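*Asks:* Take this structure, written in structure tokens, and hold onto it; I'll ask about it next.
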Amino acid sequence: MTTTTRAEVEARQGWRSWLGGFFSSSVGLKWLMALTGFGLLLYVLVHMIGNLKVFLGTDAAGEYHIDLYGEALRNLGGDLVPHESILWLFRIGLLALFGIHIYAAWVLTLRNRSARGKERYEHKRNYEAVNYANRTMRWGGVLVLLFVLFHIADLTVGWANPDFVEGAVHDNLVASLSQPIVAIFYLAAQVALAFHIYHGAWSLWQSLGIVNPRYKAFRRYFAVAFAATVFIGNTAIIVAVWSGYIS
Amino acid sequence: MESSIYALDAKIPDGPIQDQWDQHKFATPLVNPANKRKYDIIVIGTGLAGASAAASFGELGYNVKVFTYSDSPRRAHSIAAQGGINAAKNYPNDGDSIFRLFYDTVKGGDYRSRESNVYRLAQVANEIIDQTTAQGIPYAREYGGLLDNRSFGGAQVSRTFYARGQTGQQLLLGAYQALARQIDAGTVDYYNRSEMLEVVIKDDHAVGVIIRNLVSGEITSHSAHVVVLATGGYSNVFFLSTNAMACNGSAIWRAYRKGAFFANPAFTQIHPTCIPAADEHQSKLTLMSESLRNDGRIWVPITPGDNRPANDIPDEERDYYLERMYPAFGNLVPRDVASRAAMRMLDEDRGVGPLRNGVYLDFKSAIGRLGQAKIEERYGNLFEMYERITDENPYEVPMRIYPAPHYTMGGLWVDYNLMTTIPGLYAIGEANFSDHGANRLGASALMQGLADGYFVLPYTIGGYLVDYLNVPPVSTDDPVFVEARAAVEEQTNAFLAINGTQSVDHFHRQLGNVMIEHCGLARSREGLETAIDEIREIRTNFWKDLRVIGTSDSLNQSLERAGRVADFLELAELMCIDAMDREESCGGHFRLEHQTEDGEAKRDDVNYAYSAAWESMGSKNAPLLHKEFLEFEYVALSQRSYK
Amino acid sequence: MDLSLKIWRQARANEEGEFKTYQAKNVSPEASFLEMLDEVNEELNATGEDPIAFEHDCREGICGACGVMINGSPHGPQSGTATCQLHMRKFEDGDSITIEPWRATAFPVLKDLIVDRAPFDRIMEAGGYISVNTGAAPDANIIAVPKWSAESAMDAASCIGCAACVAACPNSAANLFTAAKTQHLNLLPQGKPERYLRAAAMVETMEQYFGSCTNYGECEKACPKNISIDFIAMMNKDYVRAQFFNMARQGQK
Chain A
7 MTTTTRAEVE
17 ARQGWRSWLG
27 GFFSSSVGLK
37 WLMALTGFGL
47 LLYVLVHMIG
57 NLKVFLGTDA
67 AGEYHIDLYG
77 EALRNLGGDL
87 VPHESILWLF
97 RIGLLALFGI
107 HIYAAWVLTL
117 RNRSARGKER
127 YEHKRNYEAV
137 NYANRTMRWG
147 GVLVLLFVLF
157 HIADLTVGWA
167 NPDFVEGAVH
177 DNLVASLSQP
187 IVAIFYLAAQ
197 VALAFHIYHG
207 AWSLWQSLGI
217 VNPRYKAFRR
227 YFAVAFAATV
237 FIGNTAIIVA
247 VWSGYIS
Chain B
55 MESSIYALDA
65 KIPDGPIQDQ
75 WDQHKFATPL
85 VNPANKRKYD
95 IIVIGTGLAG
105 ASAAASFGEL
115 GYNVKVFTYS
125 DSPRRAHSIA
135 AQGGINAAKN
145 YPNDGDSIFR
155 LFYDTVKGGD
165 YRSRESNVYR
175 LAQVANEIID
185 QTTAQGIPYA
195 REYGGLLDNR
205 SFGGAQVSRT
215 FYARGQTGQQ
225 LLLGAYQALA
235 RQIDAGTVDY
245 YNRSEMLEVV
255 IKDDHAVGVI
265 IRNLVSGEIT
275 SHSAHVVVLA
285 TGGYSNVFFL
295 STNAMACNGS
305 AIWRAYRKGA
315 FFANPAFTQI
325 HPTCIPAADE
335 HQSKLTLMSE
345 SLRNDGRIWV
355 PITPGDNRPA
365 NDIPDEERDY
375 YLERMYPAFG
385 NLVPRDVASR
395 AAMRMLDEDR
405 GVGPLRNGVY
415 LDFKSAIGRL
425 GQAKIEERYG
435 NLFEMYERIT
445 DENPYEVPMR
455 IYPAPHYTMG
465 GLWVDYNLMT
475 TIPGLYAIGE
485 ANFSDHGANR
495 LGASALMQGL
505 ADGYFVLPYT
515 IGGYLVDYLN
525 VPPVSTDDPV
535 FVEARAAVEE
545 QTNAFLAING
555 TQSVDHFHRQ
565 LGNVMIEHCG
575 LARSREGLET
585 AIDEIREIRT
595 NFWKDLRVIG
605 TSDSLNQSLE
615 RAGRVADFLE
625 LAELMCIDAM
635 DREESCGGHF
645 RLEHQTEDGE
655 AKRDDVNYAY
665 SAAWESMGSK
675 NAPLLHKEFL
685 EFEYVALSQR
695 SYK
Chain C
7 MDLSLKIWRQ
17 ARANEEGEFK
27 TYQAKNVSPE
37 ASFLEMLDEV
47 NEELNATGED
57 PIAFEHDCRE
67 GICGACGVMI
77 NGSPHGPQSG
87 TATCQLHMRK
97 FEDGDSITIE
107 PWRATAFPVL
117 KDLIVDRAPF
127 DRIMEAGGYI
137 SVNTGAAPDA
147 NIIAVPKWSA
157 ESAMDAASCI
167 GCAACVAACP
177 NSAANLFTAA
187 KTQHLNLLPQ
197 GKPERYLRAA
207 AMVETMEQYF
217 GSCTNYGECE
227 KACPKNISID
237 FIAMMNKDYV
247 RAQFFNMARQ
257 GQK
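Here it is as structure tokens:
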């Protein structure tokens with residue numbers, strides 16, 4: 007191995023200065039993880055707010071608010087665009103965010119393994135900063151991914167939900183979450199998600215290089231508030247359905 | 055003691071001192087830029103002087119090879135300098151000038167340095183500040199963004215530039231960075247974990263070195279047109295000193311054995327503010343910045359043998375002895391004076407601490423006057439360091455301090471061009487003897503190391519090299535290299551072959567005890583004679599009873615140390631011989647026979663205004679003294695007085 | 007006090023190593039950790055066993071040569087302290103102490119507790135300097151440096167290169183070291199012209215040897231000079247600007 011000289015950096019032209027250097031570098035990949043992570047955070051928040059409509063019950067016409075919300079999402083753009091097209095654009099975007107996020111995590115994990123080597127410390131490491139949240143980013147992330155796949159199978163396409171009816175969001179939700187085993191899985195996933203966000207929503211500022219002393223402390227508050235909000239909002243729905251408050 | 059009839063030629067340029075350096079630079083032949091790559095230069099050591107010299111040579115276009123025994127240039131002990139670096143920028147507008155810096159340095163050195171060298175040092179000091187600032191040294195700043203200065207012992211102006219308490223670290227990193235840039239540029243070949251074990255001489259000229267790789271044990275020959283030694287000082291001859299564990303005198307000692315003259319070996323500096331040893335196993339003494347004396351008051355109990363805790367001793371039973379003896383300068387007397395006074399207190403059995411081996415440095419009145427917050431702001435990191443080492447809180451109980459060997463003003467004799475008496479062999483930084491006389495002022499070591507490396511040697515070396523244009527360096531297959539290599543291999547294996555019972559440290563500690571007792575703060579003819587006998591005995595035992603485990607073809611730290619201690623055992627004797635020769639007291643050299651009625655150093659300018667340069671006559675014979683007589687045209691000789 | 011030491015012994019770089027247990031008797035609580043090892047070595051020397059090799063030099067916490075893993079903590083249990091400044095009074099009589107070398111692929115063990123930290127020098131050579139030839143500098147006061155920026159640069163520059171950050175990092179990342187080195191210079195006006203080239207070259211050189219930063223913050227806790235991971239964020243920003251926004255070629259901002 008050698009040094010990357012400054013002449014080499016300078017000699018890079020055009021796209022090469024991007025793909026050649028940046029997106030293969032660990033700092034660049036972490037930057038991508040942070041950006042996609044931020045996008046996913048926004049999605050998680052919006053998703054939760056939308057889902058909280060389940061607490062609104064039905065409107066005057068007896069239609070569930072959350073069903074109307076689902077329909078509105080599918081009908082985004084109204085008659086200007088084909089039905090569900092904007093929603094699909096969002097879905098593709100989301101998929102890309104997930105894909106990049108996971109790809110970067112995968113590459114970096116492999117690099118870190120090899121950088122660490124096979125000799126491990128004999129004595130148990132006396133970690134001072136490492137905590138449950140940042141230590142479980144990888145496996146917690148995998149758990150969140152599995153949950154997302156199940157969640158899609160369960161409530162988006164219905165493969166995992168025998169009572170699934172397209173468009174009947176409220177009924178599907180109740181049918182799914184009134185099974186204790188599913189509710190427990192959902193709850194566990196929320197715990198994993200909260201931990202993932204607790205570290206991720208702080209860490210992304212580091213990776214993006216946003217560290218002005220004026221608002222540095224708020225990065226932690228932001229992460230705690232975000233993780234707590236998402237956790238409380240989502241578990242409220244799960245608990246409400248499981249306990250029969252919503253049926 | 056025999057001394058040579060001829061005086062040494064220091065090659066001091068003619069003319070008024072202010073113009074000497076400029077004229078010398080003009081008179082020195084230049085090497086054409088295109089020819090520079092035809093010259094090979096070897097630099098040993100990567101401290102301030104070595105790294106700055108190697109980097110500067112690389113920038114000029116020479117082929118440079120640089121060696122360090124450390125794993126990285128950043129470990130060199132220059133890194134531990136705390137206080138700062140002097141320069142006569144006169145930014146504070148307090149009347150400083152190049153001449154004043156020159157004057158203070160000559161006076162501080164107790165008139166045993168060469169005026170022309172010191173003047174040049176004072177001249178280039180300003181350029182050092184410019185250079186290092188441009189390199190990104192984070193010097194302390196005023197709010198206006200300009201450089202801040204503070205004052206230091208021995209000067210009445212503020213001329214010390216500093217980067218917190220880590221000036222040496224920052225300057226070394228700067229020099230290392232400049233070196234790293236040249237390594238990257240390919241002008242400097244860099245060898246770490248490589249110790250120089252011999253200078254190779256052919257036809258009285260230095261032509262290369264023998265290097266041992268400390269990891270593989272491999273011994274290799276390297277040839278060049280010139281060899282530069284930047285290997286620091288030899289305070290570790292005392293075993294307990296503030297120097298890093300690996301600091302040693304081997305490179306300059308081996309050059310001495312090959313014919314380079316060793317000047318003023320007895321001039322060693324004992325720094326007054328170190329933390330006293332806690333037990334007999336102590337390996338190293340830690341220095342506390344001299345700046346502490348700005349606010350701390352030094353005292354011992356009036357009654358000998360008083361072992362009450364410090365805070366139980368009422369003020370009227372304390373002896374603030376520096377304030378009593380030196381009312382004008384008080385606690386801020388120069389290092390040598392403060393150190394000797396502390397020693398006297400211990401001699402009177404008024405030492406403090408569990409081993410009764412220290413004096414108090416008390417901040418109580420400063421805390422009362424300025425508040426703890428202010429003291430914390432000024433010295434917080436030092437107090438923390440003290441507490442970490444001693445487990446005592448200096449905000450509540452006074453610090454204990456004691457003098458410890460710190461710096462060696464002596465070293466290889468060099469002329470104005472920094473060349474030793476072996477043509478082609480240069481010595482820079484602490485390794486040479488040139489600029490500090492008999493006592494070094496605070497914040498002057500960094501200045502000298504960088505002056506030599508950045509601004510002096512890169513100019514003067516050309517004067518030697520021009521004669522060797524298109525002369526290839528001596529081949530490493532030449533018999534002189536083969537022989538030198540064989541000798542080094544033989545010595546390395548000799549240590550392993552003794553197979554006695556005692557470790558290297560055992561002998562080193564013995565040597566240190568002898569040296570600190572007889573050749574430390576105070577010396578006497580009788581004591582020095584005893585010391586020489588004892589040193590010889592330790593040396594004999596060393597070669598009979600040393601035990602070095604392991605092999606020579608792998609990383610072997612005991613083997614490394616054995617070589618260094620073997621050299622210390624010889625160097626120590628030369629120090630004593632020199633101390634004995636100098637029948638006067640000056641600076642760090644205090645002869646009990648030569649003191650005034652109230653115990654101050656008594657210089658003898660009539661008979662001893664010279665630098666003593668010793669020539670090796672072989673290990674069996676006494677060394678030969680050569681005198682470089684010192685002339686003082688610009689600074690009038692006077693007795694230092696701090697009363 | 008008496009201690010039981012479990013120490014990694016390895017004769018050469020490419021040989022297998024193993025843990026060996028030694029008893030240290032009558033250790034003075036005033037002794038430093040390294041002096042305690044000195045004593046053990048004296049005894050080993052007397053019994054004919056190869057003394058334990060460990061790196062050390064200044065023994066006052068500034069050269070960065072020393073550094074071992076002590077009971078799972080880099081430089082031992084005291085925070086903001088290099089191994090040489092750690093004193094035995096921090097331990098109890100009868101303690102067992104496990105002493106291991108730094109572990110990372112980039113730092114092969116040379117012998118016992120000594121590892122090769124040469125990649126740090128390679129990172130420095132890639133750009134950890136300001137290109138100014140000797141003699142080319144303007145007057146020191148010609149460029150005013152805001153006091154805060156000098157202080158901040160000094161915070162970064164206090165790095166001693168001991169590599170505890172790498173040893174502490176579960177990913178063996180050297181981001182704290184590299185960040186300290188880049189930001190020391192990038193924060194100063196003198197370092198601005200090369201700011202982005204420096205960030206790009208040093209980061210990419212670092213990545214050839216070390217893992218990536220996952221923002222655990224373990225390095226900051228292990229650092230004997232308490233260097234903040236804020237510098238990592240600053241370095242990330244400089245790298246992104248250098249490469250993604252191509253400022254390395256566009257010059258400074």
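Chains as they are written, first to last, in our numbering: chain A, 7 to 253; chain B, 55 to 697; chain C, 7 to 259.
Ideal Cβ positions, reconstructed from N, Cα and C, are used throughout, including at glycine.
As the structure is a prediction and not an experimental result, all values here were calculated from the model.
#1: When you compare each of B:F561, B:T514, B:E614 to V542 (chain B) by their alpha carbons, which one comes out closest?
#2: Tell me where the alpha helix (DSSP H) around D73 (chain B) begins and ends.
#3: Consult DSSP for F700 (chain B) and reduce its assignment to one of helix, strand or coil.
#4: Does any C-beta atom of chain B lie closer than 9 angstroms to the C-beta of Y202 (chain C)?
#5: Report all residues from its chain with a CB closer than 6 angstroms to the CB of Y245 (chain B); omit the five preceding and five following residues, and keep chain order.
#6: Please list, in chain order, the chain C residues whose beta carbon lies closer than 7 angstroms to that of V269 (chain B).
#7: Using the beta-carbon count (16 or more within 10 Å), is S529 (chain B) buried or exposed?
#8: For the region 9–32 of chain C, which residues have a beta carbon sitting closer than 8 angstroms to at least one beta carbon of chain B?
#9: Using a beta-carbon distance below 9 angstroms, is E66 (chain C) in contact with chain A?
#10: Go ahead and label L415 (chain B) buried or exposed: buried means 16 or more other beta carbons lie within 10 angstroms of its beta carbon, across all protein chains shown.
#11: If the cut-off is 7 angstroms on Cβ atoms, which residues from the region 200–230 of chain C count as contacting chain A, listed in chain order?
#12: Extract the residue ranges of the beta strand (DSSP E) inside the region 446–518 of chain B, only unbroken runs of 3 or more that lie entirely within it.
#13: Determine the chain C residues that contact V245 (chain A) at a beta-carbon separation under 9 angstroms, and present them in chain order.
#14: The alpha helix (DSSP H) that contains W668 (chain B), what's its start and end?
#15: In whole angstroms, give me the CA-to-CA distance for E106 (chain C) and T27 (chain C).
#16: Of all Cβ atoms in chain B, is any one closer than 9 angstroms to the Cβ of S34 (chain C)?
#17: Identify whether A260 (chain B) lies in helix, strand or coil by the three-state DSSP scheme.
#18: Considering N242 (chain C), what are the terminal residues of the alpha helix (DSSP H) in which it resides?
#19: Got a sec? Which residues, its chain only, sit under 7 angstroms from I59 (chain B) by beta carbon, not counting five neighbours each side?
#20: Give the range of the beta strand (DSSP E) segment to which R351 (chain B) is assigned.
#21: Given a limit of 9 angstroms on CB to CB distance, which residues of the region 122–142 of chain A reach chain C?
#22: Does any CB atom of chain C fall closer than 9 angstroms to the CB of I592 (chain B)?
#23: How far does the alpha helix (DSSP H) with C171 (chain C) in it reach, from first residue to last?
#24: So with CB distances below 9 angstroms, who are the chain A contacts of P176 (chain C)?
#25: Helix or strand or just coil, what does DSSP make of C640 (chain B)?
#26: Is DSSP giving K418 (chain B) helix, strand or coil here?
#27: N348 (chain B) by DSSP, collapsed to three states: which one?
#28: Identify the contact partners of G215 (chain A) in chain C, using a Cβ-Cβ distance below 9 angstroms as the criterion.
#29: Hey, could you find the ends of the beta strand (DSSP E) K12 (chain C) is sitting in?
#30: Using beta-carbon positions only, say whether H643 (chain B) and T322 (chain B) come within less than 9 angstroms of one another.
#31: So with Cβ pairs under 9 angstroms, would you call H131 (chain B) a contact of chain C?
#32: Who are the near neighbours of S110 (chain B) in its chain, counting only those whose CB is closer than 6 angstroms to its CB and skipping five residues on each side?
#33: According to a CB-to-CB cut-off of less than 7 angstroms, which residues of the region 339–361 of chain B neighbour chain C?
#34: Quick one: what does DSSP say L74 (chain A) is sitting in, helix, strand or coil?
#35: Residues of chain A with a CB under 7 angstroms from the CB of T104 (chain C): which are they?
#36: Could you tell me whether the Cβ atoms of I129 (chain C) and F60 (chain C) are closer together than 9 angstroms?
*Replies:* Working from what's here:
#1: As a first step, residue 542 (chain B) is located in the second sequence; it is residue number 488 there, counting from the start. Closest by alpha carbon: B:E614.
#2: Reading the second sequence from its first residue, position 19 is the one you call residue 73 (chain B). For D73 (chain B), the uninterrupted alpha helix (DSSP H) segment begins and ends at 71–81.
#3: Lying outside 55 to 697, the shown extent of chain B, residue 700 (chain B) is not represented and no answer is given.
#4: Walking along the third sequence from the start, residue 202 (chain C) turns up at place 196. For Y202 (chain C), the closest Cβ of chain B is not nearer than 9 angstroms.
#5: Reading the second sequence from its first residue, position 191 is the one you call residue 245 (chain B). Taken in chain order, the residues that qualify are F121.
#6: As a working mapping, residue 269 (chain B) is identified with position 215 in the second sequence. Contact annotation for V269 (chain B) against chain C: L116 [CB-CB distance below 7 angstroms, chain order].
#7: As a working mapping, residue 529 (chain B) is identified with position 475 in the second sequence. An exposed status is given to S529 (chain B), since fewer than 16 other beta-carbon atoms sit within 10 Å of its beta-carbon.
#8: Going along the region 9–32 of chain C in chain order, one finds A17, R18, A19 with a Cβ nearer than 8 angstroms to chain B.
#9: The residue labelled residue 66 (chain C) in the question sits at position 60 within the third sequence. The beta carbon of E66 (chain C) does not come within 9 angstroms of any beta carbon belonging to chain A, so the residue lies off that interface.
#10: As a first step, residue 415 (chain B) must be located in the second sequence, where it is residue number 361. Buried, since its Cβ has 16 or more Cβ neighbours within 10 Å.
#11: Listed by position along the chain: L203, A206, A207, V209, E210, T211, E213, Q214, Y215, F216, G217, S218, C219, T220, N221, Y222, G223, E224, E226, K227.
#12: DSSP runs (the beta strand (DSSP E)) wholly in the region 446–518 of chain B: 453–462, 479–481.
#13: Translated into the one-based positions of the first sequence, residue 245 (chain A) becomes position 239. Listed along chain C is no residue with a C-beta nearer than 9 angstroms to that of V245 (chain A); the closest approach is about 32 angstroms.
#14: Along the second sequence, read from residue 1 onward, the residue named residue 668 (chain B) stands at position 614. First-last for W668 (chain B): 664–669, but that is the beta strand (DSSP E), not the alpha helix (DSSP H).
#15: One-based indexing of the third sequence puts residue 106 (chain C) at position 100. One-based indexing of the third sequence puts residue 27 (chain C) at position 21. Note on geometry: alpha-carbon atoms of E106 (chain C) and T27 (chain C) lie some 12 angstroms from one another.
#16: Start at 1 with the first residue of the third sequence, and residue 34 (chain C) comes out as number 28. With 9 angstroms as the cut-off, S34 (chain C) counts as an interface residue toward chain B.
#17: For the purposes of this step, residue 260 (chain B) is taken as residue 206 along the second sequence, with counting starting at 1. A260 (chain B): strand per DSSP, three-state reduction.
#18: Taking the third sequence and counting its residues from 1, the one referred to as residue 242 (chain C) is at position 236. Residues 236–249.
#19: For the purposes of this step, residue 59 (chain B) is identified with residue 5 of the second sequence, where counting begins at 1. With a pLDDT of only 49 at I59 (chain B), under the threshold of 50, the placement of this residue in the model should not be trusted; the figure read from the coordinates follows. Result list for I59 (chain B): empty, nothing under 7 angstroms.
#20: Locating residue 351 (chain B) in the second sequence gives position 297, counting from the first residue. For R351 (chain B), the enclosing beta strand (DSSP E) has its first and last residue at 351–355.
#21: For chain C, the residues of the region 122–142 of chain A that bring a beta carbon within less than 9 angstroms of one of its beta carbons are R122, G123, K124, E125, R126, Y127, E128, H129, K130, R131, N132, Y133, E134, A135, V136, N137, N140, R141, in chain order.
#22: In the second sequence, counting from the first residue as 1, residue 592 (chain B) sits at position 538. Answer no: the Cβ-Cβ gap between I592 (chain B) and chain C never drops below 9 angstroms.
#23: For the purposes of this step, residue 171 (chain C) is taken as the residue at position 165 of the third sequence. For C171 (chain C), the enclosing alpha helix (DSSP H) covers residues 170–174.
#24: In the third sequence, counting from the first residue as 1, residue 176 (chain C) sits at position 170. The answer, in chain order, is N118, R122, R131, Y133, V136, R141.
#25: The residue labelled residue 640 (chain B) in the question sits at position 586 within the second sequence. In the structure shown, C640 (chain B) sits in a strand (DSSP, three-state: E or B).
#26: Your numbering for residue 418 (chain B) matches position 364 in the second sequence. Here K418 (chain B) sits in helix by DSSP.
#27: Taking the second sequence and counting its residues from 1, the one referred to as residue 348 (chain B) is at position 294. In the three-state DSSP reduction, N348 (chain B) falls in the helix class (H, G or I).
#28: Position 209 of the first sequence, counted from the start, is the residue given in the question as residue 215 (chain A). Residues of chain C with a Cβ closer than 9 angstroms to the Cβ of G215 (chain A) are, in chain order, I238, A239, M240, M241, N242, K243, D244, Y245, V246, R247.
#29: Here residue 12 (chain C) refers to the residue found at position 6 of the third sequence. Here the beta strand (DSSP E) through K12 (chain C) covers 9–15.
#30: Within the second sequence, numbered from 1, the residue matching residue 643 (chain B) stands at position 589. Within the second sequence, numbered from 1, the residue matching residue 322 (chain B) stands at position 268. Yes, they are a contact pair.
#31: Working through the second sequence from its first residue, we reach residue 131 (chain B) at position 77. Among the CB atoms of chain C, one or more fall inside 9 angstroms of the CB of H131 (chain B).
#32: Counting from 1 along the second sequence, the entry for residue 110 (chain B) is found at position 56. Within the same chain, and ignoring the five residues on either side of S110 (chain B) in sequence, the residues whose Cβ sits closer than 6 angstroms to its Cβ are Y508, P512.
#33: Taking 7 angstroms as the upper bound on Cβ-Cβ separation, chain C lies near residues T340 of the region 339–361 of chain B.
#34: Along the first sequence, read from residue 1 onward, the residue named residue 74 (chain A) stands at position 68. Taken through DSSP and simplified to helix, strand or coil, L74 (chain A) comes out as helix.
#35: Residue numbering aside, residue 104 (chain C) sits at position 98 when the third sequence is read from its first letter. Result: E128, H129.
#36: As a position in the third sequence, residue 129 (chain C) is number 123, starting the count at 1. As a position in the third sequence, residue 60 (chain C) is number 54, starting the count at 1. Judged by beta-carbon spacing, F60 (chain C) lies beyond the 9 angstroms limit of I129 (chain C), meaning their Cβ atoms are not closer than that value.
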